[in-house]
Amino acid sequence: MHLEAVLLSCANRAETFFLSLKLCELAAGKEARHKVAEALGLPDEIIDGKVLTLREASLSRKTKETSINLSLNLDGTGKHKISTGIPFFDHMLSQIAVHGMFDLIIQAKGDLEIDPHHTIEDVGLALGKAFDQALGDRKGLVRMANACVPMDESLAQVSLDFSGRPYTVVDAVWNDIKVGDLPVTLITHFLESFAVQAHCNLSVRLITGGDDHHRAEAIFKAFARALDAATQLDPRRMGAVPSSKGVL
1 MHLEAVLLSC ANRAETFFLS LKLCELAAGK EARHKVAEAL GLPDEIIDGK VLTLREASLS
61 RKTKETSINL SLNLDGTGKH KISTGIPFFD HMLSQIAVHG MFDLIIQAKG DLEIDPHHTI
121 EDVGLALGKA FDQALGDRKG LVRMANACVP MDESLAQVSL DFSGRPYTVV DAVWNDIKVG
181 DLPVTLITHF LESFAVQAHC NLSVRLITGG DDHHRAEAIF KAFARALDAA TQLDPRRMGA
241 VPSSKGVL
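Per the numbering used here, the very first residue in the sequence shown carries number 1; after that it's consecutive.
Spelled out as C-alpha cells, the structure:
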C-alpha cells in the first residue's frame, strides 16, 4: 500500500502512469502492477499497456495565405523551436512552452507582406487543434484551471475550461496599437482562434498594467500556467469524462 500511495501522489501525467506500472512490474511482477493500476483507476486495456501513450499531436495547415507545421507534447519539459516571422509573437509563444511545460515546435510562413493577421490567426487555429488532438477523449482530465501571473507592474488572470464549448472573453486595455511588431488586437484574435479549435472556454483579464510588453507577457504566462494545470490528469478520475453529463 505504501508503493501505491507514492505512485498516486506523483501520477499527474501520462508517462508517469506508464513508468509507474513498468517499475512496479520490474520490482514485484505483473500481479503487483495490476494492483497499482487498479488503485490508479486505469481500465484493463491501459493496464495491459495498449492505450497509454504520450499525449502528442503533429499537424500541418496549408492555405493560400499561410503554411504551418506544428508539433506538441503536453507532457514535455518546455523545449521549443518557434519561427513565425513575427519576433514578438515568437517570444510570446515561447512563454506558452516554457511556463506550460509543453514541448512545442512551430514553423510558420505567411503573407506578412500584407500584414500579420493571417499568420497569427492560423497559428492560433493550428495550436488549438493540436491541443484538442493531444487531449484525446479527455478522460481523467482536470479540465478547468485558473492562473494569475505578475510581470513587474502588470498582473493578468486567465481562466479556462476544456468544456467542448468554445468561448472567449478578453478584458485588456493597451497603451499603443502594437507591442513590438505585434498588433495588440491580434492578441485577442489569437486567443479566440485557439479557443475555437481547442474547444475551450477562455477568459482573460488584465488586472493591472503599465508597459505593454509586460501586459502581453503577463497574459501569455498566465495562459501557459492555466493550460498546464487544466491539461493535467487527475488520478481520481482516470477512465471517466470530467462532466456530470458524461460527455464533453
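Ideal placement from N, C-alpha and C gives every residue a C-beta, glycine not left out.
What you are looking at is a predicted structure, and each value in this text was computed from that prediction instead of being measured.
At least 8 Å separates the beta-carbon of leucine 74 from that of isoleucine 105.
Per DSSP, the beta bridge partners of glutamine 107 are Asn69 and Ser83. Of Gly100, Ala145 and Gln157, the smallest CA-CA separation from alanine 216 is found for Gln157. Per DSSP, the continuous beta strand (DSSP E) segment holding serine 203 begins and ends at 201–208. DSSP places threonine 231 outside both helix and strand once states are collapsed to three, so it counts as coil. Annotation for alanine 218: Val149, Pro150, Met151, Ser154, Leu155, Ala156, Leu206 and Gly209 place their beta carbon closer than 8 Å to its own, counting only its chain and skipping 5 residues before and after. Serine 83 has its alpha-carbon roughly 13 Å from the corresponding atom of aspartate 122.
A straight-line Cα-Cα distance of about 23 Å links proline 242 and valine 204. Distance from threonine 66 to histidine 118 at the Cβ level is roughly 5 Å; contact confirmed, criterion being Cβ atoms closer than 8 Å. Rounded to whole angstroms, alanine 230 and glutamate 192 show a C-alpha spacing of 18 Å.
Across the structure, tryptophan 174 and arginine 55 are spaced so that their CA atoms are roughly 36 Å apart.
In this structure, DSSP gives alanine 172 a state outside helix and strand, which the three-state scheme calls coil. Taking the Cα positions, glycine 85 is about 12 Å away from leucine 93.
In this structure, alanine 195 places its C-beta atom within 8 Å of the C-beta atom of glycine 128. When secondary structure is reduced to three states using DSSP, glutamate 113 falls in the coil class, being assigned neither helix nor strand.
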